[in-house]
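Each remark here refers to the structure printed beneath this line.
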Amino acid sequence: MTSKIAVIGTGYVGLTTGACFAHLGHDVICADIVPEKIDRLRNGDVPIHEAGLTELVQEGLDTGRLSFVLGAEHAVGEAEFIYLCVPTPQSADGSADLSYLQSAAAEISPHLQPGAIVVNKSTVPVGSTRLVEQAMRRSDIPVVSNPEFLREGTAVDDFLNPDRVVIGADDQAAAGRVAALYLGVRAPVMVTDPASAETCKYAANAFLATKLSFTNAIAAVCEAVGADVNDVLLGMGYDHRIGHEFLRPGPGWGGSCFPKDSRAIISIAEDAGYDFALMRGVVTVNDEQFDRIVRKVGSVVPLEGATIALLGLAFKAGTDDTRESPALAVARRLVAAGATVRGYDPAVTEVDVDGLEVVDDAYAACDGANALVIATEWDDFKWLDLDKIADAMADKHIVDARNLLDRGAVKRRGFTYQGVGRS
Ligand code: UDX
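Below, the structure written as structure tokens:
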């Protein structure tokens, strides 16, 4: 069954949602407020790095099922479903800034046809479904929560092959109609009330962040007692209640979601009278992890005046996104301690960090460096020519913050090696 869908906001969530719904057979119009973005998208030029997305956008343009317009009010007139996918950045106090969401809702409201359903896909604090209802001032239009669980880099696959679809609505008929949009997708669809759907999104991200901080904390314990974290985690992960996924130690977690959502759930809980001490600890452990990586570098080379090669700038492999990247958190600390940092990333060509120079080759980053830090788990770094790196560097020290390298091969070439939770 084909439905008419408008998607407001063409960021990575909105564009993925629009292109995937078009792929599932719906008629989709995506709106944004940036004219250049719309022009580019109309030509099939996708401004974000997302596997399979360019192909799906092109497919939608070719079949005529996907189109792009400037301004939300031009997208919604005939729409049966309006997906709100606008940004909800973090305000100064840690809470989510809902001004984009409210103004989008107010803007589209007069243009909606009777029977339309507004769907919130942006990650929003509990109660925001109500806020959108209020901003719209239309009691005849149901507002439904349908949170996204998309990872950057695999967003298309996550949309088309999700673990679940969560729908939060007071109006059961509206929930049923939103559920029907996903008929082409094989996944459990659960319907609940809006507050539970909204909380579910935060709880899932907060739990995953907790799993990662726990992993990094166990790595610290392993370092203290002389255990090897990779083996410890393997032994833990075989327990099916724990599982092997999301147990890779690293320089800390980052990206556009975990830091923002972790702080937001602390703030949501606080506003509701609950001190989420566990989550505060999770965030603290993450901040400490950046410091721990810097201390590892400082343990082998005086940071004042040192040159440090930093391989990896993106917050994880497979993306060019540096938002809240652990690599940059480490770089800032190194610079603050008096070091010069030379960074390289296969997908990132510039960053705005004083004292961090971005070069276009891994070996150039190592040239004359006193230590090398691996900060992002790009496969390319596994296959670096260690002899060439040894020749390029002034001192042979490696801090492998992703446990990516073959430590035997590194040590055989005379480097000192420090991983995370293993030496
Ligand atoms: C995350 C959630 O996974 C997704 O469901 C949600 O909708 C948005 O936030 P994303 O931000 O794309 O997705 O990144 P993700 O792959 O989850 O990684 C987040 C951070 O954790 C990265 O910095 C990554 O390097 C780190 N990480 C992840 C680890 O350090 N170890 C792991 O085992 C997994």
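Residue numbers for the sequence shown follow the numbering used here, beginning at 2 and rising by one.
Just so it is clear, CB atoms sit at the ideal spot from N, CA and C, and this is done for glycine as well.
What do you reckon, is the C-beta of residue i under 8 Å from a heavy atom of the ligand UDX?
{"i": "threonine 216", "result": "yes"}
{"i": "leucine 1", "result": "Because the chain spans 2 through 424 in this model, residue 1 falls outside it and cannot be assessed."}
{"i": "threonine 320", "result": "yes"}
{"i": "tryptophan 379", "result": "no"}
{"i": "alanine 348", "result": "no"}
{"i": "glutamate 199", "result": "no"}
{"i": "glycine 251", "result": "yes"}
{"i": "leucine 213", "result": "yes"}
{"i": "alanine 188", "result": "no"}
{"i": "glycine 12", "result": "no"}
{"i": "lysine 122", "result": "no"}
{"i": "asparagine 206", "result": "yes"}
Could you name the residues that DSSP lists as bridge partners for residue i?
{"i": "glutamate 358", "result": "Arg343"}
{"i": "valine 286", "result": "Answer is none; valine 286 lacks a bridge partner."}
{"i": "serine 146", "result": "Asn121, Gly169"}
{"i": "histidine 398", "result": "Thr417"}
{"i": "serine 214", "result": "For serine 214, which the question treats as bridged, DSSP gives no partner whatsoever."}
{"i": "serine 68", "result": "Ile30"}
{"i": "phenylalanine 82", "result": "Ile6, Ile118"}
{"i": "glutamine 91", "result": "Ala97"}
{"i": "alanine 312", "result": "The displayed chain sequence assigns leucine, not alanine, to residue 312. According to DSSP, leucine 312 bridges with Tyr345, Ile375."}
Could you check where the alpha helix (DSSP H) with residue i kicks off and where it finishes?
{"i": "serine 263", "result": "259-272"}
{"i": "valine 157", "result": "156-161"}
{"i": "valine 58", "result": "54-64"}
{"i": "alanine 391", "result": "387-393"}
{"i": "leucine 234", "result": "230-238"}
{"i": "leucine 1", "result": "What the structure shows of the chain is the stretch from 2 to 424, and residue 1 is not part of that stretch, so it cannot be assessed."}
{"i": "glutamate 74", "result": "74-77"}
{"i": "phenylalanine 22", "result": "13-24"}
{"i": "serine 129", "result": "129-137"}
{"i": "alanine 318", "result": "Unbroken run through alanine 318: none, as it is neither H nor E."}
{"i": "tyrosine 364", "result": "363-367"}
From which residue to which residue does the beta strand (DSSP E) around residue i run?
{"i": "threonine 193", "result": "190-193"}
{"i": "cysteine 86", "result": "Taken as a continuous stretch (DSSP letters only), cysteine 86 belongs to no beta strand (DSSP E), as it is neither H nor E."}
{"i": "valine 374", "result": "372-375"}
{"i": "isoleucine 39", "result": "Counting along the chain, isoleucine 39 falls outside any beta strand (DSSP E), though it belongs to the alpha helix (DSSP H) covering 36-43."}
Exercise for the section: Could you tell me whether the region 203-223 touches the region 254-269, where touching means 3 or more Cβ pairs closer than 8 Å? Expected result: yes
Handout entry: contact_flag[the region 392-411, the region 361-375] where n(CB pairs < 8 Å) is 3 or more
Key = Flag = yes, the region 392-411 and the region 361-375 touch.
Practice task
Mind the definition here: the region 322-332 touches the region 340-351 only if three or more C-beta pairs lie below 8 Å; say whether that holds.
Solution key: Contact between the region 322-332 and the region 340-351 is established, with three or more Cβ pairs separated by less than 8 Å.
Handout entry: Segment contact, 8 Å Cβ cut-off, at least three pairs: the region 28-47 with the region 65-77
Key = yes
Handout entry: the region 241-253 in contact with the region 211-222 per 3-pair CB rule at 8 Å
Key = By the C-beta criterion, the region 241-253 is judged to be in contact with the region 211-222, since at least 3 inter-stretch pairs fall below 8 Å.
Exercise for the section: Could you tell me whether the region 215-232 touches the region 156-174, where touching means 3 or more Cβ pairs closer than 8 Å? Expected result: no
Practice task
Kindly confirm or deny that the region 234-245 and the region 302-309 touch, where touching means at least three C-beta pairs closer than 8 Å.
Solution key: No, because fewer than three Cβ pairs between the region 234-245 and the region 302-309 fall closer than 8 Å, the two stretches do not touch.
Practice task
Evaluate contact between the region 141-156 and the region 121-129, counting only Cβ atoms and requiring at least three cross-stretch pairs below 8 Å.
Solution key: yes
Practice task
Determine contact between the region 3-16 and the region 30-40, defined as no fewer than three beta-carbon pairs at a distance below 8 Å.
Solution key: yes
Handout entry: Touching by the beta-carbon criterion (3+ pairs, under 8 Å), the region 354-363 and the region 325-340
Key = yes
Handout entry: Contact the region 280-297 vs the region 305-321: 3+ CB pairs below 8 Å
Key = In this structure the region 280-297 does not touch the region 305-321; the number of beta carbon pairs closer than 8 Å is below three.
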